[in-house]
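Accompanying notes for the structure given below.
Chains as they are written, first to last, in this note's numbering: chain A, 4 to 85; chain B, 3 to 691.
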């Protein structure tokens with residue numbers, strides 16, 4: 004399950020296709036203060052990028068794989084330094 | 003057939019048409035955009051074919067795609083043999099698609115055919131060695147405004163890279179994905195990730211973000227801006243399927259930093275630097291798929307209609323309901339025995355309102371059925387190309403007025419007739435190369451096909467600059483074939499003589515090809531025009547060319563008729579044949595060789611009595627006749643009737659049952675008082691005389 008909720012933390016994992024934009028949007032609409040962890044994400048469809056840009060949740064971790072990380076860092080706000 | 007299959011079949015047909023059109027265009031003017039279009043179409047068909055168990059179709063499209071790729075990469079030119087092979091592949095795919103529409107699989111021989119085609123195509127693809135591509139990237143336009151948004155640090159970094167690696171080009175790429183691209187499986191993130199040498203990236207919404215509840219995540223509103231050290235070729239590859247959504251331009255050093263090497267002191271943070279964002283659908287909370295594209299490329303089973311035209315019908319439905327609701331109110335008034343005069347006036351007013359709505363409704367429904375004639379024109383360039391190659395006669399086809407619209411039935415029936423006419427023009431009209439040279443004509447023959455429309459007619463003209471029709475030969479042949487009596491021949495007008503080419507007796511290739519240079523299928527053309535209640539004229543100048551013009555009613559459903567009286571019985575005459583009406587004294591009617599004729603403005607024409615055509619008793623005591631002048635097959639004919647009534651718009655119902663075979667009647671319609679009116683087909687009536 005690429006979009007999962009654990010407490011107030013939304014985890015995006017694996018390859019997130021366009022359909023995942025809907026559950027992600029729902030979770031953020033229910034509670035916009037939820038944070039997002041993308042560390043185990045392999046690919047993010049542009050539809051999810053749009054949701055993340057519009058909702059602007061706190062991003063706790065960008066994806067680990069470097070090529071994707073380079074992309075998400077360019078188009079999404081940076082994660083806070085820990 | 004499942005919906006997916008239907009969609010696949012319809013889509014394939016569209017892409018096949020698009021591919022062959024673009025291929026012909028590329029062959030003509032080497033337009034790169036057309037080549038990309040061919041490539042895209044073939045690629046899309048291949049992709050869609052993957053959804054079904056039709057490997058043969060995939061094999062052929064795959065081979066075609068490979069061949070196209072060699073052309074695209076500049077490894078070889080699209081010479082005619084290549085184009086032939088590609089067109090043959092498209093034809094084969096078209097035939098399989100037709101088969102697949104009716105059957106669960108492709109024909110049994112499909113695999114063998116596919117292999118043969120693929121081997122042939124591959125042999126062509128492998129032929130020439132690749133050439134070195136030394137083309138330098140050319141600047142496309144000024145640097146985009148969003149460069150301002152690159153931070154000073156990034157500018158310095160990129161400027162340093164540029165300075166130290168002078169051989170490389172930094173491209174500024176502006177990528178505006180289609181708002182509905184997600185629905186067709188597009189993912190701009192994947193595209194962006196594929197850009198090689200990416201140095202800087204930004205994604206910006208086209209309009210400010212809506213509130214989270216209003217966001218439609220499936221409408222793409224992101225624009226991407228990139229800076230990358232790459233080549234124009236590489237970018238062309240990455241954006242192959244999004245070329246309309248992207249633009250790029252090389253960035254010069256001075257675009258990044260001031261010429262004095264100082265970093266810009268002032269940074270302007272531009273949030274929306276796009277000069278002119280393209281219009282985008284407002285994000286809506288609905289997740290409905292987007293409206294289908296409203297093009298009208300014809301599939302024979304379905305009709306694509308612009309949404310506005312349906313909306314117009316919706317509005318009318320509303321108005322009609324309002325008008326209907328007024329009737330019970332009137333009925334109550336009538337029941338209460340109110341003033342009859344006032345009631346009658348109100349009913350008439352209501353009638354006028356409903357009448358207006360009926361007319362608008364009718365017009366709106368007609369508009370639904372309107373199709374551009376371009377849909378049938380589009381198959382002709384291919385035909386011209388093939389015939390021209392086969393007969394080694396260079397022929398140019400010039401099309402105009404493709405956007406002219408007519409009723410779907412009319413447009414579809416045009417197709418076959420145009421094929422006959424174009425074929426004839428090239429087979430027999432356009433002279434062989436040597437003959438043209440000898441006559442001092444340009445070597446390339448020209449066919450001009452144009453469409454224009456008036457308020458109620460569409461006029462199609464096909465003109466060639468060939469050798470023209472030998473009028474005497476046609477007349478001689480007609481006499482030989484028994485279509486014309488030798489005695490009548492000298493009296494024929496030029497129009498009448500040329501019109502003989504449409505006679506059924508002259509319509510076989512063997513009968514006419516050698517003499518007149520015309521004939522194949524001319525009878526079929528005449529039949530089509532006649533079926534559509536149109537007229538056809540032919541004009542030809544020996545040595546200069548032939549022009550064939552046909553006029554067809556824009557719409558089939560409603561016809562305009564003139565009502566006349568013959569022996570106390572009303573008949574309808576199709577208005578399109580009527581040129582004028584007049585009252586003629588019997589003394590003005592002359593007799594030549596036992597036939598009545600009427601001379602009008604120095605033109606003598608045969609005069610026929612409708613009563614005698616219909617086997618009704620004559621009116622010997624009459625001093626005057628009412629005469630309708632009709633144009634039949636390009637010649638005037640005077641038709642004498644007892645009385646003339648008004649013209650009216652009617653919906654003609656074809657004859658059915660035992661009367662079906664009576665060609666002298668075009669059909670029937672119901673008059674307001676319930677009487678049935680027979681509509682006459684005068685041309686047929688005269689022919690049956």
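Backbone N, C-alpha and C fix where the C-beta goes; we use that ideal spot for every residue, glycine too.
Predicted, not measured: the structure shown is a model, and the values here were computed from it.
query                                                                                                                                                                                                   : result
If you pair each beta-carbon of the segment 583-601 of chain B with each one of the segment 627-643 of chain B, do three or more pairs fall below 8 Å?                                                  : yes
Please report the Cβ distance between residue 58 of chain B and residue 108 of chain B, rounded to the nearest whole angstrom; I am assuming they are in contact, meaning their Cβ atoms lie under 8 Å. : 5 Å
With the cut-off set at 8 Å, would you say residue 80 of chain A and residue 58 of chain A are in Cβ contact?                                                                                           : no
Identify the contact partners of residue 52 of chain A in chain B, using a Cβ-Cβ distance below 8 Å as the criterion.                                                                                   : 191, 205, 224
May I ask you to report which of helix, strand or coil DSSP gives residue 1 of chain B?                                                                                                                 : In this structure chain B extends from 3 to 691, so residue 1 of chain B is not present and cannot be described.
Between the alpha carbons of residue 334 of chain B and residue 345 of chain B, how many angstroms are there, rounded?                                                                                  : 11 Å
Out of B/405, B/173, B/679, which has the shortest C-alpha to C-alpha gap to residue 460 of chain B?                                                                                                    : B/405
Measure the alpha-carbon distance for residue 40 of chain B versus residue 443 of chain B and round it to whole angstroms.                                                                              : 35 Å
Would you kindly work out how many angstroms separate the C-alpha atoms of residue 86 of chain B and residue 367 of chain B, rounded to a whole number?                                                 : 42 Å
Starting from residue 89 of chain B, trace the alpha helix (DSSP H) both ways and give me its first and last residue.                                                                                   : 82-104
Between residue 551 of chain B and residue 633 of chain B, what straight-line distance do the alpha-carbon atoms span, to the nearest angstrom?                                                         : 15 Å
On the CB-based measure, 16 or more other CB atoms within 10 Å of its CB, does residue 227 of chain B come out buried or exposed?                                                                       : buried
In angstroms, rounded to a whole number, what distance separates the CA positions of residue 534 of chain B and residue 362 of chain B?                                                                 : 23 Å
Can you give the Cα-Cα distance for residue 340 of chain B and residue 348 of chain B, rounded to whole angstroms?                                                                                      : 12 Å
What is the C-beta distance between residue 198 of chain B and residue 230 of chain B, in whole angstroms, given that I count them as a contact (C-beta under 8 Å)?                                     : 7 Å
Pick helix, strand or coil for residue 162 of chain B, following the three-state DSSP scheme.                                                                                                           : helix
Is the number of C-beta pairs between the segment 15-25 of chain B and the segment 59-67 of chain A that are closer than 8 Å three or more?                                                             : no
Does DSSP classify residue 431 of chain B as helix, strand or coil?                                                                                                                                     : helix
Can you have a look at residue 221 of chain B and say buried or exposed, based on whether 16 or more other CB atoms are within 10 angstroms of its CB?                                                  : buried
If you drop the 5 nearest sequence neighbours on each side, which residues of the same chain put their C-beta closer than 6 Å to that of residue 103 of chain B?                                        : 11
Please list, in chain order, the chain A residues whose beta carbon lies closer than 7 Å to that of residue 195 of chain B.                                                                             : 70, 74
In chain A, which residues lie less than 8 Å from residue 211 of chain B when you measure between Cβ atoms?                                                                                             : 56, 57
In angstroms with no decimal places, state the Cα-to-Cα distance between residue 172 of chain B and residue 376 of chain B.                                                                             : 43 Å
Just checking: is the beta-carbon of residue 45 of chain A within a distance shorter than 8 Å of some beta-carbon in chain B?                                                                           : no
Under a CB-based cut-off of 8 Å, is residue 31 of chain A close to chain B?                                                                                                                             : yes
From what residue to what residue does the beta strand (DSSP E) around residue 342 of chain B run?                                                                                                      : First-last for residue 342 of chain B: 342-371, but that is the alpha helix (DSSP H), not the beta strand (DSSP E).
Can you find a CB in chain B that lies within less than 8 Å of the CB of residue 66 of chain A?                                                                                                         : no
Are the segment 612-628 of chain B and the segment 563-575 of chain B in contact at 8 Å, needing three or more beta carbon pairs?                                                                       : yes
If you draw a straight line from the C-alpha of residue 500 of chain B to the C-alpha of residue 84 of chain B, how long is it?                                                                         : 41 Å
In chain order, what residues of the same chain lie with their CB nearer than 8 Å to the CB of residue 649 of chain B, ignoring the 5 residues before and after it?                                     : 562, 563, 564, 565, 577
At which residues does the alpha helix (DSSP H) containing residue 653 of chain B begin and terminate?                                                                                                  : Taken as a continuous stretch (DSSP letters only), residue 653 of chain B belongs to no alpha helix (DSSP H), as it is neither H nor E.
Thinking C-beta only, is residue 408 of chain B closer than 8 Å to residue 554 of chain B?                                                                                                              : yes
Is residue 217 of chain B close to chain A? Criterion is C-beta to C-beta, closer than 8 Å.                                                                                                             : yes
Checking 8 Å against the spacing of the C-beta atoms, do residue 538 of chain B and residue 546 of chain B come in under that value?                                                                    : no
So what does DSSP say about residue 64 of chain A, is it helix, strand or coil?                                                                                                                         : strand
Quick check on residue 212 of chain B: does DSSP put it in helix, strand or coil?                                                                                                                       : coil
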